[in-house]
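First up is the structure itself, then whatever we jot down about it.
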Amino acid sequence: MSTWSRKARASHARETKSHCSRHTDRSRGARSGNRTGAERLAGVVKDTSGAVLPGVTVEATSPALIERTRAVVTDDQGQYKIVGVRPGTYSITFALPGFATVKREGIDLTADFTATVNAELKVGSLEETVTVSGASSLVDVKSVVSLNVLTREIQDALPTPRNFESGAVTTPGVTISRPDVGGSEGYQITNNTVHGSNARDMSLQIDGLGATTANGDGSNTAVYHNDLAYEEVSFQTSGIGAEFPAGGIRINMVPKDGGNSFKGAAFVGYSPGKLQSDNMTPELAAAGLKAVPNVLRIYDYNVAYGGPIKHDRLWFFATGRYWGVDQGVTGEFDLHGNQGVNDNLLKNAGVRITWQMSPGNKLALSAETTPKWMGHHGFGAGVESSLATRTQRTSTSSGSSDSLRRASRSAAAITDAAFTV
Numbered sequence: 343m344s345t346w347s348r349k350a351r352a353s354h355a356r357e358t359k360s361h362c363s364r365h366t367d368r369s370r371g372a373r374s375g376n377r378t379g380a381e382r383l384a385g386v387v388k389d390t391s392g393a394v395l396p397g398v399t400v401e402a403t404s405p406a407l408i409e410r411t412r413a414v415v416t417d418d419q420g421q422y423k424i425v426g427v428r429p430g431t432y433s434i435t436f437a438l439p440g441f442a443t444v445k446r447e448g449i450d451l452t453a454d455f456t457a458t459v460n461a462e463l464k465v466g467s468l469e470e471t472v473t474v475s476g477a478s479s480l481v482d483v484k485s486v487v488s489l490n491v492l493t494r495e496i497q498d499a500l501p502t503p504r505n506f507e508s509g510a511v512t513t514p515g516v517t518i519s520r521p522d523v524g525g526s527e528g529y530q531i532t533n534n535t536v537h538g539s540n541a542r543d544m545s546l547q548i549d550g551l552g553a554t555t556a557n558g559d560g561s562n563t564a565v566y567h568n569d570l571a572y573e574e575v576s577f578q579t580s581g582i583g584a585e586f587p588a589g590g591i592r593i594n595m596v597p598k599d600g601g602n603s604f605k606g607a608a609f610v611g612y613s614p615g616k617l618q619s620d621n622m623t624p625e626l627a628a629a630g631l632k633a634v635p636n637v638l639r640i641y642d643y644n645v646a647y648g649g650p651i652k653h654d655r656l657w658f659f660a661t662g663r664y665w666g667v668d669q670g671v672t673g674e675f676d677l678h679g680n681q682g683v684n685d686n687l688l689k690n691a692g693v694r695i696t697w698q699m700s701p702g703n704k705l706a707l708s709a710e711t712t713p714k715w716m717g718h719h720g721f722g723a724g725v726e727s728s729l730a731t732r733t734q735r736t737s738t739s740s741g742s743s744d745s746l747r748r749a750s751r752s753a754a755a756i757t758d759a760a761f762t763v
């Protein structure tokens, strides 16, 4: 069996005159202006006669906002828009001198969604507050995009292998190129298609920023999914904007931020090979079949922790994931007659920093890296299993600055090295 030690593996490769190939693919993109698919709160404020009310102060409050409260004023048409807010639960207050204050509570805002929240003010004093509680709008009347959002609660409840590709198939019309049951497919990077689109037309983003590399035609993703690092995942299947070069599914993963209180989460999963049955029969053995495909073990350990460095000013959120799968391969045996093993190990580490620089300026920086080890990549007839190894590392980083305009930049890279006899 191979080990994780790169130094030992490289030395072993030189001693046996192995061939080493290595390539790195990178892509970077910069964009100014509003982030594509940003979440918004919008609506119209009127009085009891139906006349629009300009000059109404609209304040949105949520634990998801590092500044706690975001305020705007309605225009001469009585309309307001609060842009660039994070997914979460909001309370919205409408106040205008000469009218009673109205407060809407329990507004759930999901990724890439515009929640329409209208208000009707009646004559009264500012000290009088009318609180309205009710269900949030489920239809985005400001957009023609067909959208499916997996919230954190839905992701935790779905019996999927904890990656966004498998979660995508909950969207009508979406298929996956490599169906995965509980992580048994080795956590390979795969693609999603919708309504018969080409797999190369898939667009993957993290917080609205591209996460694909320049490898091949530029459609390869640079993400091995760290499940606890993301709050929500949205899937757009139609009505996609012209800023995207292809018409396939658009996937946007919204990362978690820290908060004003310390919180953590953990996930532990393990499945030994003894829990799996097989269809090996005496007839198959008599025909010469020595072994059938089998899962030796599947394991997944995931932790996350975040909180304030300084309340209302500086937050952090850190994650780590250690996961993989070992599988027996049919028809592959090493020089000693042992069944071939397809083993995959991934290690992910990531961090996100959110800084409220001033009342009107916010900076968010995030980075993650995922080394992947395939201990018997290239193993086959005549190849000693311990000498067939492949390592792969994916890295993504992004940064954004919110002020009157939003400036964003992202970078993604895949570094690949293979050692074979």
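Under the numbering used here, think of the first position of the sequence shown as 343, with each following residue one higher. Glycine included, each C-beta is placed from N, C-alpha and C at the ideal position. Please read these numbers as outputs of a predicted model, since none were measured by experiment.
Notebook entry, point to check: DSSP puts residue 667 in a beta bridge; with which residues?
Noted result: In DSSP, residue 667 forms a bridge with 640 and 686.
Notebook entry, point to check: DSSP beta-bridge partners for residue 388?
Noted result: Note: residue 388 sits in a beta bridge opposite 394 and 462.
Notebook entry, point to check: Is it a yes or a no for the stretch 602-612 touching the stretch 460-475, going by three-plus beta-carbon pairs under 8 Å?
Noted result: With the cut-off at 8 Å, the stretch 602-612 and the stretch 460-475 do not touch.
Checklist line | With 16 other Cβ atoms within 10 Å as the buried cut-off, status of residue 315 | finding: In this structure the chain extends from 343 to 763, so residue 315 is not present and cannot be described.
Checklist line | Alpha carbon of residue 514 to alpha carbon of residue 641, nearest angstrom | finding: Straight-line Cα distance between these residues: approximately 30 Å.
Check: If you draw a straight line from the alpha carbon of residue 684 to that of residue 667, how long is it in whole angstroms?
Finding: Each residue's alpha carbon lies about 8 Å from the other.
Note to self: To the nearest angstrom, how far is the alpha carbon of residue 439 from that of residue 467?
What the structure shows: If I take the Cα positions, the gap works out to 7 Å.
Notebook entry, point to check: Hey, residue 657 and residue 601: beta-carbon distance below 8 Å or not?
Noted result: Against a cut-off of 8 Å, the Cβ pair of residue 601 and residue 657 comes out as a contact.
Next item on the list: Evaluate residue 704 with the Cβ neighbour count: other Cβ atoms within 10 Å of its Cβ, from every protein chain shown; 16 or more gives buried, anything less gives exposed.
Entry: Counting Cβ neighbours within 10 Å, residue 704 comes out buried, since at least 16 surround it.
Notebook entry, point to check: Can you tell me the Cα-Cα spacing of residue 409 and residue 653, whole angstroms?
Noted result: Approximately 9 Å between the Cα atoms of the pair.
Note to self: Whether or not the stretch 613-627 and the stretch 581-594 are in contact is what I'm after, with contact meaning three or more pairs of Cβ atoms, one per stretch, closer than 8 Å; do they touch?
What the structure shows: Short answer: they don't touch.
Item checked: First through last residue of the alpha helix (DSSP H) which encompasses residue 494 -> Residues 494-499.
Check: Nearest CA to the CA of residue 506: which residue from 472, 571, 445 and 488?
Finding: Relative to the Cα of residue 506, the nearest Cα in the group 472, 571, 445 and 488 belongs to 571.
Notebook entry, point to check: By Cβ distance, which residues of its chain are closer than 6 Å to residue 422, with the 5 residues on each side in sequence left out?
Noted result: Correct list, in chain order: 400, 414 and 416.
Next item on the list: Could you give the DSSP three-state label for residue 613: helix, strand or coil?
Entry: Note: residue 613 maps to strand in three-state DSSP.
Next item on the list: Look up residue 542 in the DSSP assignment and say whether it is helix, strand or coil.
Entry: In the structure shown, residue 542 sits in a helix (DSSP, three-state: H, G or I).
Item checked: Three-state class that DSSP yields for residue 574 in the structure shown -> The answer is strand: DSSP assigns residue 574 an E or B state.
Check: Can residue 494 and residue 573 be called in contact, C-beta distance under 8 Å?
Finding: Contact: yes.
Next item on the list: Compute the Euclidean distance between the alpha carbons of residue 492 and residue 678, then round it to the nearest angstrom.
Entry: Our two residues, residue 492 and residue 678, have alpha carbons roughly 48 Å apart in a direct line.
Next item on the list: Can you tell me the Cβ-Cβ gap for residue 662 and residue 645, rounded? I've got them flagged as a contact below 8 Å.
Entry: Indeed they touch by this definition, with Cβ atoms about 5 Å apart.
Next item on the list: Hey, could you find the ends of the alpha helix (DSSP H) residue 404 is sitting in?
Entry: First-last for residue 404: undefined, no H or E at that position.
Check: Going along the chain, which residues of its own chain have a beta-carbon closer than 8 Å to the beta-carbon of residue 626, five neighbours each way excluded?
Finding: Within its own chain, the residues whose Cβ lies closer than 8 Å to the Cβ of residue 626, once the five positions on either side in sequence are excluded, are 634, listed in chain order.
Margin query: I'd like to check one pair, residue 519 with residue 541: are the Cβ atoms closer than 8 Å?
Written below: In this structure, residue 519 lies closer than 8 Å to residue 541 by Cβ.
Margin query: residue 442 and residue 474 - do their beta-carbons sit closer together than 8 Å?
Written below: 8 Å or more divides the Cβ of residue 474 from the Cβ of residue 442.
Margin query: Taking the straight line between their C-alpha atoms, what separation do you get for residue 632 and residue 452?
Written below: So the alpha carbons of these two residues sit roughly 52 Å apart.
Notebook entry, point to check: Is there at least one non-hydrogen atom of the ligand FMN closer than 7 Å to the beta-carbon of residue 449?
Noted result: Looking for the ligand FMN in the displayed structure turns up nothing, as the structure carries no ligands at all.
Check: First and last residue of the alpha helix (DSSP H) that includes residue 629?
Finding: Premise fails: residue 629 is in no alpha helix (DSSP H) and is neither H nor E.
Next item on the list: Tell me whether the beta-carbon of residue 598 lies closer than 8 Å to the beta-carbon of residue 648.
Entry: In this structure, residue 648 lies closer than 8 Å to residue 598 by Cβ.
Next item on the list: Identify, in the order they occur along the chain, each residue of the same chain with its Cβ nearer than 6 Å to the Cβ of residue 544, setting aside the five sequence neighbours on each side.
Entry: If the five residues before and after residue 544 are omitted, its C-beta is found closer than 6 Å to the C-beta atoms of 533, 534, 590 and 591, all from its own chain and listed in chain order.
Item checked: Through-space distance from residue 692 to residue 406, alpha-carbon basis -> Straight-line Cα distance between these residues: approximately 20 Å.
Item checked: For residue 384 and residue 456, believed in contact at Cβ under 8 Å, the rounded distance -> Beta-carbon to beta-carbon, residue 456 and residue 384 are separated by about 6 Å, close enough to satisfy the 8 Å threshold.
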